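Each step along the sequence shown adds one to the number in the UniProt record's numbering, with nothing skipped, and position 145 is 145.
Cβ coordinates follow ideal geometry from the N, Cα and C atoms, glycine included.
These numbers were taken from a predicted model, which means no experiment stands behind them.
Remarks on the structure that follows.
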Amino acid sequence: RKSGLLPHIMVTKSASKPPSTLAEALGLTDEARVVTSANKPYKILHTNAAWSRATGFKFTQAAGKTCAILQGPETETAVLSLLDSAVAAGRAVTLRLTNYTSSGQPFTNTLSISPLFDSTGNIINFVGSLKVVPIINGSVSPIVPEMHAAALSDVRAWTALHLLSVDEADGAAAAHSHDAREEAARK
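Right, dumping it as structure tokens:
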């Protein structure tokens, strides 16, 4: 695993507000999303069709497991530490990470994690949104250096880190019916 950190931290202004409730996170979207439990080990409770397309994992393959199924030899350990710290503190975070598809193919993605709250303000789940970063001319686009400075020097920026928006959960039947509902809703 890689140990680099700086090229992977981002502070962004989001064009759209990330979901803050489970209902919002489970809504129809083309954004690749995964919903996990609120406590370690953060087991996968829901994925949508876009997440399955991006990662190659069907919901039935991912349900009850952790997002570690996406990690591999080039996954940056320092970025995972940052992610773990933010989630443990209940903060939203956005970062860039190398993950792996179900077939073992590495891909770079922008990952945004946000807490989901119940009506009393308690964290009940986390939602992760990912966007695959395209490789152009053999490399991924760089993160602007000013973003590094903001993330590293401004404590307020650390607490404001959030997921970028980029581009199921009881068994196989739920997964298939969920995907079918999404496809039917799109038509």
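Given a length threshold of 3 residues, each whole run of the beta strand (DSSP E) inside the UniProt domain "PAS" (39-130) is given here in chain order: 44-47, 93-100, 106-117. Note on residue 115: 16 or more other CB atoms within 10 angstroms of its CB, so buried under the neighbour-count rule. A contact is defined here as three or more CB-CB pairs under 8 Å, and the region 48-67 meets this definition with respect to the region 99-108.
Beta-bridge partners of residue 32 (DSSP): 130. The region 70-87 and the region 116-125 do not touch, with fewer than three beta-carbon pairs separated by less than 8 Å. In the same chain as residue 65, and ignoring 5 residues on each side of it, the C-beta atoms closer than 6 Å to its own belong to 44, in chain order. The straight-line gap separating the alpha-carbon atoms of residue 107 and residue 131 is approximately 10 Å. Closest in alpha carbon position to residue 48, among 124, 19, 95, 32, is 32.
52 is the residue among 39, 41, 40, 52 whose C-alpha sits nearest the C-alpha of residue 30. Per DSSP, the beta-bridge partners of residue 37 are 125.
Buried is the label assigned to residue 25, since at least 16 other Cβ atoms lie within 10 Å of its Cβ. Residue 50 has its alpha-carbon roughly 15 Å from the corresponding atom of residue 133.
By the neighbour-count criterion, in which 16 or more other beta carbons inside 10 Å mark a residue as buried, residue 27 falls on the exposed side. Counting along the chain, no alpha helix (DSSP H) covers residue 26, and no H or E run does either.
In this structure, 87 is the residue among 87, 91, 63 with its C-alpha nearest to the C-alpha of residue 39.
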